[in-house]
Structures are given as C-alpha cells and as structure tokens.
Amino acid sequence: MELRPLGATGIEVSPLGLGTVKIGRNQQVKYPRGFRIPDDAAVRDLLGLARDLGLNLVDTAPAYGNSEERLGKLLPDKNDWIIVTKVGEI
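This is the structure in structure tokens:
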C-alpha cells in the first residue's frame, strides 16, 4: 500500500488504518450484536496481517477499554507504526 504524507509533518501513513475497539472493549459498545475480545495470539496475527497489507496506522482511544495497553504489549516493531488516539466520548 502506498503511504501518503500526513500534512507537513514528514510522517507517512497508510490511507487505511486499523481500528482497535474490538481488541479492548466489548461492553456498552454501539454494535448490534455482542462479540468476544480476541486473545493475544489472534491480535498478533491481525497486526501481522495489517502490516503485511501495508498498513502502518493504528487507531485507539481510552474509550476502547484496554486496547492501548494490549497494543503496547503486542505491537511488533513499534517504531514502524503510527498510533493515533483521541479523548472524550459522546
């Protein structure tokens, strides 16, 4: 996947990113059906697949439960990823 410049920052990001709410939170979410949070092996596989497909952008937030903590533990080659987050929840 071809990376694109992020404004004038000098940072290049994939045009698609990986959202991580489903690796950290499955209670009180706005999905019509419940789901199970994947185990660490499944998350590692997902991150590896995302990287193999050319993604380098990961979206997380405090509202995503423990996704930030899990990413910190499971994300390979952390310097090769752009991690975006936000604050607040409506």
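Residues 5 to 94 in the numbering used here are what the sequence shown lists, from first letter to last.
Virtual Cβ for every residue (Gly too), placed ideally from N, Cα, C.
What you are looking at is a predicted structure, and each value in this text was computed from that prediction instead of being measured.
query                                                                                                                        : result
Rounded straight-line distance, which links the Cα of D63 to that of D56                                                     : 17 angstroms
Same chain only: Cβ atoms within 7 angstroms of V17, ignoring 5 sequence neighbours per side                                 : L7, R8, L10, N60, L61, I86
Under 8 angstroms between C-beta atoms of L22 and A54                                                                        : yes
Neighbourhood of K90 by C-beta distance below 7 angstroms, restricted to the same chain and skipping five residues each side : A65
DSSP beta-bridge partners of L22                                                                                             : V62
is_contact[D56, chain C] using C-beta, thresh 8 angstroms                                                                    : Of the protein chains in this structure there is only one, and it is not chain C.
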